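S.K.: All residue numbers for the sequence shown refer to this note's numbering, where the first residue is 17 and numbers rise by one.
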Amino acid sequence: MKTIITNGLLFDSQHARSAKQNIYIENNLIISIEGEPENFTADQVIDAEGCWILPGLVDLKVRIREPGYTRKATLASETRAAALNGITSICIPPDSSPSVDHAALVDQIHHNNLRAGNQCHIYIVGALTKNLNGEILANMASLKNRGCVAVTNSLYPMHNNLIQRRAMEYASGLNLTVVIQPIDHSLMANGCAHESAFSTRYGLAPIPEAAETAALAKDIELVAQTGAKTHFGQLSCARSVEMIRQAKQNGLPITADCAIHQLFLTDQDIAQFDTNKHVIPPFRSQRDKEALRAGLADGTIDCLCSDHQPHELDAKLQPFPSSEPGVSSLDSYLPLAFKLVDEGVLSKELLVQKITYNPAQIFSLPAGKIEKGELADICIVKPDELFQLETEKLISAGKNNAFINWNFSYKVIQTLVAGKLAKA
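1. How far does the beta strand (DSSP E) with Glu105 in it reach, from first residue to last?
2. Alpha carbon to alpha carbon, how far is Phe419 from Gln325?
3. Apart from the five residues just before and just after Leu148, which ones in its own chain have a Cβ nearer than 8 Å to its Cβ?
4. Is the beta carbon of Thr104 less than 9 Å from the beta carbon of Ala98?
5. Scan the segment 304 to 365 and note each continuous alpha helix (DSSP H) run of 4 residues or more that stays entirely inside, going in chain order.
6. Please confirm if the segment 130 to 137 is in contact with the segment 145 to 162, defined as three or more CB-CB distances below 8 Å between the two stretches.
7. Count the CB pairs spanning the segment 268 to 280 and the segment 348 to 366 that are closer than 8 Å, and state whether there are at least three.
8. What's the gap between the Cα of Ala92 and the Cα of Ile394?
9. Determine the DSSP secondary structure at His294, reduced to helix, strand or coil.
10. Rounded to whole angstroms, what is the Cα-Cα separation between Gly267 and Ala313?
11. Would you check if the distance between the CB atom of Ser34 and the CB atom of Val368 is smaller than 9 Å?
12. So what does DSSP say about Arg217, is it helix, strand or coil?
13. Please state whether DSSP places Ile260 in a helix, a strand or coil.
14. The beta strand (DSSP E) with Thr246 in it runs from where to where?
15. Starting from the Cα of Ile106, find the closest Cα among His247, Leu410, Ala383 and Ser339 and give me that residue.
16. Quick check: what's the CA-CA separation for Gly435 versus Asn43?
17. So, at 7 Å on beta carbons, what are the nonlocal neighbours of Leu192 in its own chain, with the 5 sequence-adjacent residues on each side left out?
18. So if DSSP puts Leu437 in a beta bridge, which residue, or which two residues, is it bridged to?
19. Below 8 Å on the Cβ atoms is my contact criterion, and I expect Thr316 with Ile270 to pass it. Report the Cβ-Cβ distance as a whole number of Å.
20. Considering only the alpha carbon of each residue, which of Ala392, Asp347 and Leu121 lies closest to Leu100?
21. Do you know whose CA, among Lys385, Gln430 and Pro198, lies nearest Leu71's CA?
22. Roughly how many angstroms lie between the CA atoms of Glu185 and Ala240, to the nearest whole one?
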């Protein structure tokens, strides 16, 4: 199959540039963006007039809910939702049931993706400890040999700092990136909202920013001690941005992301007790939101992620503190990200880099670029097409999106995954 994509504005994500160019694809590979190859006769022509051509998005944290939680979503439903929303590569954390702490389960997930039609590329982040119990180290060498791109203990605590140090040393010896979402569970306790006058007024159990920053300070010290490449995920507060900035200036091998929803909502937005806005870490103050945006713009925060967590309806039909935290965010990820361009936070070229090339580089994934010889993972976006996000039109099985009824532009028109059009 030979395909030409014509007349679109092509984004060079590696160098944060854009120019009007055609793309020539044969089978699953890009064979030219400089000019038409000799004897090239297209079987398919995609006219991208008025559209932007991006590398397929790379998302570092997407829960597919398999195995163990298929009442919430399935691998098939969420890979389809990812692809149709322009996301061609997703990284899956190990907090399924059972947890991904052994090679056989890695093989099973890849087999299930094949059976589901390989709707997008999946990359698995393996468990740092067995059963994510924080006590016994997982066989990281075996996980890496089966293709795991990183390791993490997800949201589960380590039993003590010595075990965490040993785990980071083990991962470092294998050249595996350790992924940490910094949480001090004793400080977080059973909290559900940012500690502020607002949480006090409404009687919501608080989560202080120290629940993140105290853990982050310890984790940064362990990076300095072990030299382990470490990615800090889902940062939420201004002090964390300052700490990451200083650690990078000190030459530590760290990267960081924040979830897209943290850049648009604050603790004031949960005043109506909308459980779709119950997230961990919680939405914090306006100052924190602005600091995250500034950190993204100056490179302290390397990339964005969706932190996609689809839930069944019953999980959210609870009082706010009792509801399960997390938002379904694949359907709003790209248009929400481009609001940062409209609001002057980032240039469109830099934003594309933050959602394609940069996340791919963090885990050394073969993704995030439109270049000769690369897989034809491509997202075609119409920047001026307006739409409203509606529950009944969400593609993800999880309808717990925090941005229902928001008005957006930047609509995904088509997605190619390894040269094949994603099917609605």
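C-beta atoms are modelled at their ideal positions from N, C-alpha and C, and glycine is treated no differently.
Source: prediction; values computed, not measured.
M.R.: In terms of the structure at hand:
1. The identity of residue 105 in the sequence shown is Ser, whereas the question assumes Glu. Run containing Ser105: Ile103 to Ile108, per the beta strand (DSSP E) assignment.
2. 14 Å
3. Pro110, Asp111, Ser115, Asp117, Asn169, Ser170 and Tyr172
4. yes
5. 329 to 332 and 349 to 358
6. no
7. yes
8. 20 Å
9. coil
10. 20 Å
11. yes
12. helix
13. helix
14. Thr246 to Phe248
15. Distance check between Ile106 and each of His247, Leu410, Ala383 and Ser339 places Ala383 closest, using alpha-carbon atoms only.
16. 6 Å
17. Met156, Lys160, Ala166 and Val167
18. Leu432
19. With a Cβ gap of about 10 Å, Thr316 and Ile270 do not count as contacting.
20. Asp347
21. The sequence shown places Pro at residue 71, not Leu. Measuring from the Cα of Pro71, the nearest candidate turns out to be Lys385.
22. Their Cα atoms are separated by approximately 11 Å.
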